[in-house]
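Numbering (the working numbering), first residue to last: 70 to 259.
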C-alpha cells in the first residue's frame with residue numbers, strides 16, 4: 070500500500086483551482102494528473118521497484134521509490150508520466166470523435182497540455198529529470214546537475230520575461246507563477 074501524504078500547499082492549490090476553474094474542468098484536470106502520476110508509478114513497478122510514498126504538494130506530486138533508480142531507469146520513469154498523458158489524450162480524443170461530447174475533448178486537451186509542459190527540460194519537471202539523468206550519466210552527477218540548474222535558470226528567466234510581456238498586453242500572471250516556481254526549484258528532482 071502506497072502512503073499518500075499531502076502538504077498545506079496542495080490544499081491551498083486545490084482551493085485556488087476550485088475558485089478559478091469550473092468544477093467540470095477541475096475534475097478532468099485532476100483525472101489527467103492522476104493518470105500522469107500513475108504512469109510514473111507503473112514504470113517504477115515494472116522496473117521491479119516499490120513506492121515508499123507519494124507527497125502531493127502545491128507544485129505537483131513527489132514520488133519516492135524504495136530504492137535509488139539507475140540513470141536508465143530514471144529516464145524511463147520520467148518518460149512514463151508524459152507517455153501516460155499522451156495515451157489518455159489520444160483515448161479521450163477518440164472517445165470524443167466516436168461518441169461526441171466536449172468533456173472528452175476537454176480531457177484530451179488538458180492531458181496533452183500536461184504532457185507537453187512536463188517534457189520541458191527544466192528543473193523538477195519530467196523533462197528536467199530526463200535531461201539530468203542523461204547529463205549525469207555522461208558528465209557525472211555534479212556536472213550534470215550543474216548544467217540542469219543553468220538550463221532551468223535560462224528557461225525560467227525567459228518564461229518570466231514572456232509572463233511580464235503577457236501581463237503588459239492584457240494576459241494573466243500564470244506564466245510568471247510558473248517562472249517563479251521553476252526558478253525557486255532549480256534542483257533536479259530525485
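Ideal placement from N, C-alpha and C gives every residue a C-beta, glycine not left out.
#### Entry: Inside the segment 122-206 only - alpha helix (DSSP H) runs reaching at least 4 residues
140-168, 171-187
### Query
For residue 244, which residues of its own chain have a beta-carbon under 7 Å away from its beta-carbon, when the five flanking residues on both sides are left out?
Here residue 244 corresponds to residue number 175 of the chain shown, with the count starting at 1. Answer for residue 244: 228, 231, 232, 235, listed in chain order.
### Query
When you compare only the Cα positions, how much space is there between residue 143 and residue 201?
As a position in the chain shown, residue 143 is number 74, starting the count at 1. As a position in the chain shown, residue 201 is number 132, starting the count at 1. Straight-line Cα distance between these residues: approximately 9 Å.
### Task
Grab the span of the alpha helix (DSSP H) containing residue 113 for me, first residue to last.
For the purposes of this step, residue 113 is identified with residue 44 of the chain shown, where counting begins at 1. For residue 113, the uninterrupted alpha helix (DSSP H) run begins and ends at 92-115, by DSSP.
### Query
Between the C-alpha atoms of residue 203 and residue 191, what's the straight-line distance to the nearest angstrom?
Reading the chain shown from its first residue, position 134 is the one you call residue 203. Reading the chain shown from its first residue, position 122 is the one you call residue 191. If you take the alpha carbons of residue 203 and residue 191, they lie about 13 Å apart.
### Task
Please go through the same chain and pick out, in chain order, the residues whose beta-carbon is closer than 7 Å to the beta-carbon of residue 251, but skip the five residues on each side of it.
Taking the chain shown and counting its residues from 1, one reaches residue 251 at position 182. 191, 192, 221, 224, 225, 228, listed in sequence order.
### Task
Below 8 Å on the Cβ atoms is my guess for residue 101 versus residue 176; work out the distance and round it to an integer in Å.
As a working note, residue 101 is residue 32 in the chain shown. As a working note, residue 176 is residue 107 in the chain shown. That belief holds up - the Cβ atoms of residue 101 and residue 176 are roughly 6 Å apart, short of 8 Å.
### Environment of residue 88 [buried if 16+ CB atoms lie within 10 Å]
Against the chain shown, residue 88 aligns to sequence position 19. Exposed, since its Cβ has fewer than 16 Cβ neighbours within 10 Å.
### Task
Using the Cα positions of residue 151 and residue 239, report the straight-line distance between them to the nearest angstrom.
By one-based count along the chain shown, residue 151 stands at place 82. By one-based count along the chain shown, residue 239 stands at place 170. Straight-line Cα distance between these residues: approximately 31 Å.
### Pick from 138, 127, 209 that is closest to residue 288, judged by C-alpha positions
Outside the shown range of the chain (70 to 259) lies residue 288, about which nothing can therefore be said.
### Query
When you compare only the Cα positions, how much space is there between residue 95 and residue 82?
As a position in the chain shown, residue 95 is number 26, starting the count at 1. As a position in the chain shown, residue 82 is number 13, starting the count at 1. Taking the straight line from one Cα to the other gives about 12 Å.
### Query
To the nearest whole angstrom, what separates the beta carbons of residue 147 and residue 218, a pair I think is in contact under 8 Å?
The sequence position of residue 147 within the chain shown is 78, counting from 1. The sequence position of residue 218 within the chain shown is 149, counting from 1. About 17 Å separates the Cβ atoms of residue 147 and residue 218, ruling out a contact at the 8 Å cut-off.
### Query
Do residue 30 and residue 116 have their C-beta atoms closer together than 8 Å?
There is simply no residue 30 to check, as the chain begins at 70 and stops at 259 in what is shown.
### Task
For residue 120, write down the residues that DSSP places opposite it in a beta bridge.
Walking along the chain shown from the start, residue 120 turns up at place 51. Residue 120 pairs with 134.
#### Entry: Distance between beta carbons of residue 179 and residue 80, contact taken as under 8 Å
Within the chain shown, the letter at position 11 stands for residue 80. Within the chain shown, the letter at position 110 stands for residue 179. Contact flag wrong, Cβ pair sits at about 21 Å.
### Query
Cβ atoms of residue 173 and residue 104: under 8 Å apart, would you say?
Residue numbering aside, residue 104 sits at position 35 when the chain shown is read from its first letter. Residue numbering aside, residue 173 sits at position 104 when the chain shown is read from its first letter. Going by C-beta atoms, residue 104 is not nearer than 8 Å to residue 173.
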